[in-house]
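Here's the structure, in structure tokens; my notes come after.
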Amino acid sequence: MTTVSRTFTVTAAPDVVVPYLADFGNAVRWDPGTQSCTRNDSGPVQVGANWHNTSKIAGITTELTYTLEQLTGDRVVLVGRNDTATSTETIDVVPDGTGSSITYTNDLEFHGAAKLAAPAAKLVFEKLGDDTEEQLTEVLNGLAR
Numbered sequence: 012m013t014t015v016s017r018t019f020t021v022t023a024a025p026d027v028v029v030p031y032l033a034d035f036g037n038a039v040r041w042d043p044g045t046q047s048c049t050r051n052d053s054g055p056v057q058v059g060a061n062w063h064n065t066s067k068i069a070g071i072t073t074e075l076t077y078t079l080e081q082l083t084g085d086r087v088v089l090v091g092r093n094d095t096a097t098s099t100e101t102i103d104v105v106p107d108g109t110g111s112s113i114t115y116t117n118d119l120e121f122h123g124a125a126k127l128a129a130p131a132a133k134l135v136f137e138k139l140g141d142d143t144e145e146q147l148t149e150v151l152n153g154l155a156r
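Spelled out as structure tokens, the structure:
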């Protein structure tokens, strides 16, 4: 399993951050690898909601179905699945002054022959983690205005 984690602060409060991140359709704005992310179902964003996500990372395009598996006032857990990988994105949000401290963790598990790519993927996903932190910080700070 490849795990990448970042902790950072933003000016937006948790009550703004959590619902924004729970709607994974917003990933096109904050996830540098996401090319498209469309909701598969309708209604309120709640546990069980799911999205079709197309990402391009290191020149490779992949499609996953992401499901919102946990949503509380301080945690969002989204799990993306396809035949070759499972990506679990856990986002913990706690108050930090008038803003938020965010810990974003992505656990990526490869399946079958794709497991051979895990060592190289760690380097790629560390860089992607840096890019995601930067882009996510910018977007969430924009929500506080």
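So the mapping is simple: the numbering used here equals the position in the sequence shown, first residue as 1, plus 11.
The beta-carbon is built from N, C-alpha and C at its ideal position, and this holds for glycine as well.
Remember, it's a predicted structure, so these values are computed and weren't measured experimentally.
In whole angstroms, what separates the C-alpha of residue 25 from that of residue 112?
Residue numbering aside, residue 25 sits at position 14 when the sequence shown is read from its first letter. Residue numbering aside, residue 112 sits at position 101 when the sequence shown is read from its first letter. Going from the Cα of residue 25 to the Cα of residue 112 covers about 8 Å.
>> Let me confirm a value: residue 100 is counted as buried when at least 16 other C-beta atoms fall within 10 Å, else exposed. Which label applies?
In response: Along the sequence shown, one-based indexing puts residue 100 at 89. With 16 or more other Cβ atoms within 10 Å, it is buried.
Can you tell me where the alpha helix (DSSP H) holding residue 24 begins and where it ends? Translated into the one-based positions of the sequence shown, residue 24 becomes position 13. Neither: residue 24 is in no alpha helix (DSSP H) and is coded neither H nor E.
(Q) Tell me which residues share the same chain as residue 85 and place their Cβ nearer than 8 Å to its Cβ, disregarding the 5 neighbours each side in the sequence. (A) Looking up residue 85 in the sequence shown gives position 74. Only 25, 29, 103, 104, 105 meet the Cβ criterion.
- Does the separation of the CB atoms of residue 48 and residue 36 fall below 8 Å? On the sequence shown, position 37 is the one that residue 48 refers to. On the sequence shown, position 25 is the one that residue 36 refers to. Yes.
request  = For residue 64, count neighbouring C-beta atoms within 10 Å of its own C-beta (all shown protein chains included) and say buried if the count is 16 or more, exposed if not.
outcome  = Locating residue 64 in the sequence shown gives position 53, counting from the first residue. Counting Cβ neighbours within 10 Å, residue 64 comes out buried, since at least 16 surround it.
CA-to-CA distance, residue 142 to residue 20, given in whole angstroms: Residue mapping note: residue 20 aligns to position 9 of the sequence shown, counting from 1. Residue mapping note: residue 142 aligns to position 131 of the sequence shown, counting from 1. Taking the straight line from one Cα to the other gives about 15 Å.
Worksheet entry | Cβ-Cβ distance between residue 13 and residue 89 below 8 Å | Here residue 13 refers to the residue found at position 2 when the sequence shown is read from its first residue. Here residue 89 refers to the residue found at position 78 when the sequence shown is read from its first residue. Using a Cβ distance threshold of 8 Å, residue 13 and residue 89 do not count as a contacting pair.
Less than 7 Å separating the Cβ of residue 149 from some heavy atom of the ligand MG? The ligand MG is not part of this structure, which contains no ligands at all.
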